[in-house]
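Residues in the sequence shown are numbered from 1 upward in steps of one, following my numbering.
Accompanying notes for the structure given below.
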Amino acid sequence: MATGVLQKVCRGFGPAKNGAHSAGQHVFWVRWVVFLWCFSRISVIRACSEDSWFKSLFVRKVDPRKDAHANLLTKNEESNLYKIQFHNVKPECLDAYNKLCEDVLPTIHADKYYPCELVGTWNTWYGEQDQAVHLWRYRGGYPALTEVMNKLRQNKEFTAYRKERGKMLLSRRNQLLLEFSFWNEPVPREGPNIYELRSYQLRPGTMIEWGNYWARAIRHRQRNKEAVGGFFSQIGDLYMVHHLWAYEDLQSREETRNGAWQQEGWHEAVYYTGGHKSIALTRETFGKALSPFVTLTSTRYAFPAVPLIQHMESRIMIPLKASPLQ
């Protein structure tokens with residue numbers, strides 16, 4: 001379709017029955033043709049060959065990988081698996097729900113019979129209201145998770161807890177996560193603190209690039225020891241990343257985040273992971289695609305790159321009494 005439009009417009013550049021177009025009209029239509037033709041090519045990039053020069057203009061340069069993301073981004077020797085749970089509680093039941101969790105969850109955390117640990121448990125303060133968030137760690141990966149699930153089925157106290165909990169919930173969902181190798185492992189810390197869970201829905205195929213940027217960026221967020229943990233999803237909503245931060249209060253959060261901008265290199269991580277960079281095309285390079293249809297008059301054309309992030313969300317959370325992260 002775009003090619004037909006291009007040909008029709010180009011034919012209009014020749015002598016017309018009612019007179020020639022003015023120079024200003026030529027420039028106007030040339031610019032529109034350039035943009036129409038350029039962006040129409042995005043839909044057929046996947047059909048281009050691997051060595052297509054035009055495809056290379058729109059596809060990020062990432063080193064070819066012959067291994068799964070999980071093996072490239074995690075601490076393979078530890079094989080920790082995490083489960084994050086989001087429980088939306090009936091507003092009138094939130095206090096009773098918290099009390100129930102405080103009575104049951106710490107007993108599982110402390111019992112060596114279960115190869116799992118309660119990393120933290122919170123109520124969302126700012127974000128989705130009447131919500132509880134629990135983060136569990138399974139040392140030993142999927143076998144440990146399976147072992148815990150099988151043992152809990154035989155635990156009458158836990159079975160009663162789940163039955164009572166079900167009466168209090170509006171909805172619930174969970175994800176299985178792995179931790180980024182360049183983040184600290186979450187460890188118990190004294191409070192009082194507030195916690196921010198920043199969740200990012202990435203575009204498919206950008207996880208490695210995200211990890212490359214944040215492996216450098218995390219160095220700028222260690223001054224106040226606010227970095228608690230960084231994870232990416234394996235089961236559940238895919239291409240999800242969660243960053244967990246700790247602050248003394250909201251004012252401390254504001255000062256810490258503002259302070260990061262004063263450090264050389266932090267702005268680059270935010271700039272590139274947010275997708276604000278653009279693809280710049282020179283007249284010589286882009287002219288190869290358009291010639292012999294049109295002649296470009298500008299020396300440089302810039303088109304915005306597709307961002308890594310599709311959606312992002314921030315939760316400010318307060319730990320429950322039972323949480324190892326205070």
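Glycine is no exception: its CB is placed at the ideal position from the N, C-alpha and C atoms.
No experiment lies behind these values; they were computed from the predicted model shown.
- Annotation for methionine 207: the continuous alpha helix (DSSP H) segment containing it runs 207-217.
- Under the 8 Å Cβ criterion, the region 119-127 does not count as touching the region 210-219, having fewer than three qualifying pairs.
- Under the 8 Å Cβ criterion, the region 146-165 does not count as touching the region 189-208, having fewer than three qualifying pairs.
- Sequence-distant Cβ neighbours of glutamate 179 in its own chain, meaning closer than 7 Å and more than five residues away, are Thr74, Lys75, Asn80, Tyr82, Glu185, Gly229, Gly230 and Phe231.
- With fewer than 16 neighbouring CB atoms inside 10 Å of its own CB, methionine 312 falls in the exposed class.
- The beta carbon of arginine 153 is closer than 8 Å to those of Thr159 in its chain, skipping five residues each way along the sequence.
- 8 Å or more divides the Cβ of asparagine 174 from the Cβ of glutamine 131.
- Rounded to whole angstroms, the gap between the alpha carbons of valine 104 and glutamate 264 is 46 Å.
- Per DSSP, the unbroken beta strand (DSSP E) holding arginine 172 starts and ends at 169-179.
- Boundaries around histidine 109 are those of the alpha helix (DSSP H), 94-110, since no beta strand (DSSP E) includes it.
- In the structure shown, the three-state DSSP call for asparagine 193 is coil.
- CA-to-CA, the gap between tryptophan 214 and alanine 110 works out to about 33 Å.
- Per DSSP, serine 314 is not a residue of any alpha helix (DSSP H); the beta strand (DSSP E) it occupies stretches across 309-319.
- With respect to the 8 Å criterion, glutamine 310 and proline 319 are not classified as neighbours on the basis of their beta carbons.
- Of the residues assessed, valine 148 falls on the buried side of the cut-off, its CB having 16 or more other CB atoms within 10 angstroms.
- Taking the Cβ atoms as the reference, methionine 168 lies roughly 4 Å from cysteine 93, within the contact range of under 8 Å.
- Non-local C-beta neighbours of arginine 172 in its own chain, meaning closer than 8 Å and more than five positions away in sequence, comprise Gln85, Phe86, His87 and Asn88, ordered along the chain.
- In the three-state scheme derived from DSSP, where H, G and I count as helix and E and B as strand, serine 323 is classed as coil.
- Between the C-alpha atoms of histidine 243 and asparagine 155 there is a straight-line separation of about 33 Å.
- Note: glutamate 117 is bridge-paired with Arg137 in the DSSP secondary-structure output.
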